[in-house]
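First comes the structure, then the notes that go with it.
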Amino acid sequence: MKRLVLMGCLAISTQHQVLAQTTNAGSLPEVRVDANAEAETATTPVIGYRAKNAVTATKTDTPLSETPQSVTVITRDQMVDQGAINVQDALNYAAGVRSDAYGLDSRTDSVRVRGSTPDVYLDGLRQAYGYYTSTTRTEPYTLERLEVLRGPSGMLFGAGTAAGVVNMVSKRPLQEAQREVGVQFGSFGRKQIQADLTGPLNADGSLSYRLIALQRKSDTQVDYVPDDRSVIAPSLTWRPNAMTSLTLQGLWQKDKSGSSSQFLPWEGTLLPNPNGRLPSSRFIGEPGDYYDSERKTFGWQFEHKFNDSWTLRQNFRYARNENDNRYHYGGAFVGAESWDATDPIFKRVLGRYYDSSLTRNRTQTLDNRLEGHFQTGALKHTLLVGADFARQRENVWVGTTFDTIDVYAPVYGHLDEPVRDARPRTRQRQTGVYLQDQIKLDNWIFVTGLRHDRAVSSAAGSNDEKSSATTKRFGLMYASPSGWSPYLSYSESFTPQAAREGRIFSPLRGEQWEVGVKYEPKDRALAFSAAVYDLREKNQISEPQPKVFTQLGETKTRGVELEAKGSIGPNLDLIAHYNYTDADALIEGLPKHQASVWAKYKFSVGGVSGFSAGAGLRMMSSFRDMQSGVGPRIPGVALADLVFAYETAAWRYALNINNVTDKVYFSTCLSRGDCWYGSRRNIVASATYRF
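All letters in the sequence shown, in the order written, are residues 61 to 751 by my numbering.
Structure follows, in structure tokens:
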């Protein structure tokens, strides 16, 4: 901790000296940062790694330095520099986040925030209300930024776990023409072509467009598991006058993949097996297995300013998702009850489940909010009044069979196709109304809010489960002129839990106390934050066996988080974080200690500018899962990442290497008996042309 403080002080001192020198010289890089800072909002592009504003924590465009809760923003520049090929990768260096909870998982982005699964939103609207088969994995190339709100957010979003929210912000049409096309080639036969075009459609700029397209063919580190994708994402913004704007958004995405999660047993992965260790590429399914999904969405973002004080906003999205999958996952070794520890025969034939399912899901989400700015005496108010609505319908057909395979010498072709039976159709509806006031009195900031929700969960053939709840939040912060902002906050969460496998569950309820401090040096592109929290949640769902769900009692998580982001001088960008997490045994195992540091340096070679090199280190301590017994201890690990890039006005060439040393490690091993390998070394070379 002392070292971190000393490094921060040294960085601030160095930055002050560099700024004094570069101001006299009229250095162009600093001019870019200053210009961006003046124009920045919570949805516009950000130059560098440090965003000043965010929308997720308050649903208003609020400076992070005035937000009494922990928020991390991952900018587009950070995603590009770190070569993020999925949302999990983009969260590798975020405080409070376990981005590789199940290692490489081609089905979904397996993320934990403060020990639990967060709710995933896109442009402030929830993606899905069910299992991961209810939606399609989001393509990061379509995103402008990611915002991670850590802790309960029920007062603003209604349905949600106590972990928090990962809000993905889409790229939007720009009034200035920007166009790029790019290609990628990399490990596991990766071949990708992509394009991002935006700009005005008419002379006065009242119409602007954006078109994003992507095509990928790739394999993964697991045999017979592809990672193919097609994406088309058009959007159109109409600004009839300075007071009104309407952005229409569409998306079509089709993924053709498989399941890289093999649910391999302890013995032969983390623990010894007389037959040796199973490779991370081992595939226990059939070569014809697949995990395909298709997503179609349409929506809009509307804004109208009545005057300088009052603004009305409405966000809407309609989404249709179809997930068609057929894949195998591992069980226990055959004859496990009568193992002979010296006989390898009993530790090579693995039972495997064959899951064949079709999920069709339709979701409508709508959020209306009125924002007002006014003053009562010495108090300055930002008042938010809102109402939202969400509805989801889901149909599932499932079939399951069981057979065996020699996991050390697999022979494929033994396929007994199960019959898919219809599960009861499930529906979920939620309506909520909320009120929030952000109050300023000199340097004091007080945030208070109240929300009421009504929800109905139903499954065909069963009685409806109706629930309602009132959730609240408050926060108190002192924003000192020196840049220090200590705060205290309390927040709650509530959500009806979506039916899974035709079963209705009791609603989740959570609460959190958080004490923290934020520091943003004036006229410095740096931000520091520290937080201590106590988080409690009731009725969380665990999965002690695949497709078998169990509700838990109250779970407790306490922790400490430190984070630093920004620039030290015009050429060095830096990210660092440390987490300490103390979680109940009822919560799926996670490391007590996590830390990361990333730095990128821009330099010239032979008088030619545009070169940059970056390096990162991600670390976690050892841990074990004890949800349903005592699992084996997963060793701690340190992983290194690198980037080398050369950029001109028109071209950018980059080489990204994640897990540079190709370290074989385990992201987790559950107490029920299965393990997940972490992501192996991944090398991606890319070229982008801007015109």
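All C-beta atoms, glycine included, are put in the ideal place defined by N, C-alpha and C. Every value quoted in this text rests on a predicted model; they were computed, and no experiment measured them.
Is it buried or exposed, residue i, if we count other Cβ atoms within 10 angstroms and call 16 or more buried?
| i | result |
| --- | --- |
| D94 | Reliability fails at D94, whose pLDDT of 38 lies under 50, so the model's placement of it is uncertain and no value is given. |
| Y737 | buried |
| P300 | exposed |
| D513 | buried |
| P285 | Sequence check: residue 285 is Val here, not Pro. Label assigned to V285: buried. |
| P233 | buried |
| S417 | buried |
| L444 | buried |
| Y749 | exposed |
| R511 | buried |
| T402 | Caution applies to T402, whose pLDDT of 48 falls short of 50 and renders its modelled position unreliable; the model cannot decide the point. |
| T641 | buried |
| R678 | buried |
| G86 | Confidence at G86 is low in this model, with a pLDDT of 36, below 50, so its placement is unreliable and the value that follows should be read with caution. Per the 10 Å Cβ criterion, exposed. |
| H474 | exposed |
| K625 | buried |
| K582 | exposed |
| R174 | buried |
| L274 | buried |
| I253 | exposed |
| A450 | buried |
| H76 | For H76, the pLDDT reaches just 39, beneath the cut-off of 50, and the residue's location in the model is therefore unreliable, although a value from the coordinates is still provided. So H76 counts as exposed. |
Compare the Cα-Cα distances from residue i to each of the options and report the closest residue.
| i | options | result |
| --- | --- | --- |
| I743 | R136, I145 and I134 | I145 |
| E363 | D160, F376 and S353 | F376 |
| G674 | Q138, G211, T615 and R533 | Q138 |
| T103 | G156, V229, G391 and R110 | V229 |
| F683 | L650, I635, L495 and Y661 | L650 |
| V493 | S542, T168 and T531 | T531 |
| D349 | R167, A745, G629 and Q435 | R167 |
| R483 | R453, Y472 and F462 | R453 |
| G543 | K526, G521, L586 and R569 | L586 |
| L568 | T221, P200 and Q313 | T221 |
| T307 | V282, I292, L267 and D279 | L267 |
| G619 | E574, Y269, A659 and S589 | E574 |
| I344 | L311, L206, A392 and T297 | A392 |
| V208 | K723, S681, E623 and T708 | E623 |
| V282 | R420, T357, K660 and G249 | G249 |
| T708 | A745, D722, S664 and R732 | S664 |
Which residues mark the beginning and the end of the beta strand (DSSP E) in which residue i is found?
| i | result |
| --- | --- |
| R299 | D287 to N301 |
| Q252 | R250 to P260 |
| Q281 | From DSSP, Q281 is part of no beta strand (DSSP E); its letter is neither H nor E. |
| R136 | It is not in any beta strand (DSSP E) - R136 instead sits in the alpha helix (DSSP H) that spans R136 to D141. |
| Q374 | W370 to F393 |
| E502 | Reading the sequence as shown, one finds Asp at residue 502 and not Glu. Careful: D502 lies outside any beta strand (DSSP E) and carries neither H nor E. |
| D594 | L586 to K598 |
| E525 | E525 to Y538 |
| Y351 | Y350 to K365 |
| E240 | Q238 to G246 |
| K316 | T304 to S317 |
Closer than 7 Å: is that where the CB of residue i sits relative to any heavy atom of the ligand GDP?
| i | result |
| --- | --- |
| D149 | The ligand GDP is absent from the structure shown, which contains no ligand whatsoever. |
Where residue i and residue j are concerned, what is the direct C-alpha to C-alpha distance, given to the nearest angstrom?
| i | j | result |
| --- | --- | --- |
| R386 | R480 | 11 Å |
| G689 | L730 | 9 Å |
| I647 | M686 | 8 Å |
| R584 | R355 | 42 Å |
| D476 | Y351 | 18 Å |
| N639 | G613 | 25 Å |
| E98 | G432 | The pLDDT assigned to E98 is 46, lower than 50, so where the model puts this residue is not dependable; a value taken from the coordinates is nonetheless given after this. When rounded, the distance between both Cα atoms is 22 Å. |
| Q498 | Y550 | 15 Å |
| S290 | T258 | 19 Å |
| H637 | N262 | 45 Å |
| Y579 | Y181 | 28 Å |
| A438 | W504 | 11 Å |
| E621 | Y153 | 13 Å |
| G214 | D179 | 11 Å |
| L548 | M680 | 28 Å |
Within the continuous alpha helix (DSSP H) that includes residue i, where are the two ends?
| i | result |
| --- | --- |
| R408 | Neither: R408 is in no alpha helix (DSSP H) and is coded neither H nor E. |
| V458 | First-last for V458: L439 to D466, but that is the beta strand (DSSP E), not the alpha helix (DSSP H). |
| Q148 | V147 to A150 |
For residue i, decide whether its Cβ has a neighbour in chain C, counting only Cβ atoms nearer than 8 Å.
| i | result |
| --- | --- |
| R380 | As a matter of chain content, chain C is missing from the structure shown, which is built from one protein chain. |
If we require 4 or more residues per run, which alpha helix (DSSP H) segments fall completely within the stretch 171-232? 214-217
Whole beta strand (DSSP E) elements within the stretch 681-742, 3-residue minimum: 697-707, 711-718, 726-729 and 734-737
4-residue-minimum alpha helix (DSSP H) runs that sit fully inside the stretch 615-672, ordered along the chain: none
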